[in-house]
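Numbering (the numbering used here), first residue to last: 542 to 663.
This is the structure:
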């Protein structure tokens with residue numbers, strides 16, 4: 542009795558097409574990371590406690606992994622007091638700005654990424 546066989550045609554062409562999409566999907570991911578990082582920065586700047594304006598003005602974005610990772614925060618060692626405002630002390634009540642902005646954006650990131658990838662695949 543002969544064994545049934547299945548032959549798939551066009552697999553090489555499919556592989557080539559998928560490889561061609563990789564740069565477009567990566568670009569979509571980078572756009573999403575940038576858009577989300579900027580949203581976190583804007584929201585945190587809006588909510589940070591302001592005295593001199595330094596914390597608001599010094600909140601920065603550092604892109605890593607060729608734009609696939611973004612770190613939003615205060616990089617200057619003189620901005621150590623951002624942590625005090627974020628978490629509070631026994632004398633200073635917490636007024637978190639960065640944490641809530643991150644959490645708000647976390648809920649939006651997946652949908653934002655999905656939309657960017659759909660746009661890239663059109």
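The beta-carbon is built from N, C-alpha and C at its ideal position, and this holds for glycine as well. Predicted, not measured: the structure shown is a model, and the values here were computed from it.
Exercise. Do the region 606-623 and the region 548-565 meet, that is, are 3 or more Cβ pairs less than 8 Å apart?
Worked result: Short answer: they don't touch.
For this session: Can you give me the Cβ contacts of residue 653 inside the same chain, cut-off strictly under 8 Å, excluding the 5 residues immediately before and after it?
Result: Excluding positions up to five away in sequence, the list reads 573, 576 and 577.
Exercise. Are there 16 or more other CB atoms within 10 angstroms of the CB of residue 638, so buried, or fewer, so exposed?
Worked result: It is buried - the Cβ of residue 638 has at least 16 other Cβ atoms within 10 Å.
Exercise. With a Cβ-Cβ cutoff of 8 Å, do residue 649 and residue 608 count as a contact?
Worked result: No.
For this session: Could you round the C-beta distance between residue 662 and residue 562 to whole angstroms and report it? I think they count as a contact, below 8 Å.
Result: With 8 Å as the limit, residue 662 and residue 562 qualify as a contact, their Cβ atoms being about 7 Å apart.
Exercise. CB-CB under 7 Å to residue 580, same chain, minus the five flanking residues each way: which ones, in chain order?
Worked result: For residue 580, the CB contacts under 7 Å within the same chain, skipping 5 residues up- and downstream, are 646 in chain order.
Exercise. How would you label residue 626, buried or exposed, when you count the other beta carbons within 10 angstroms and need 16 or more for buried?
Worked result: The residue in question, residue 626, is buried, as its Cβ has 16 or more Cβ neighbours within 10 Å.
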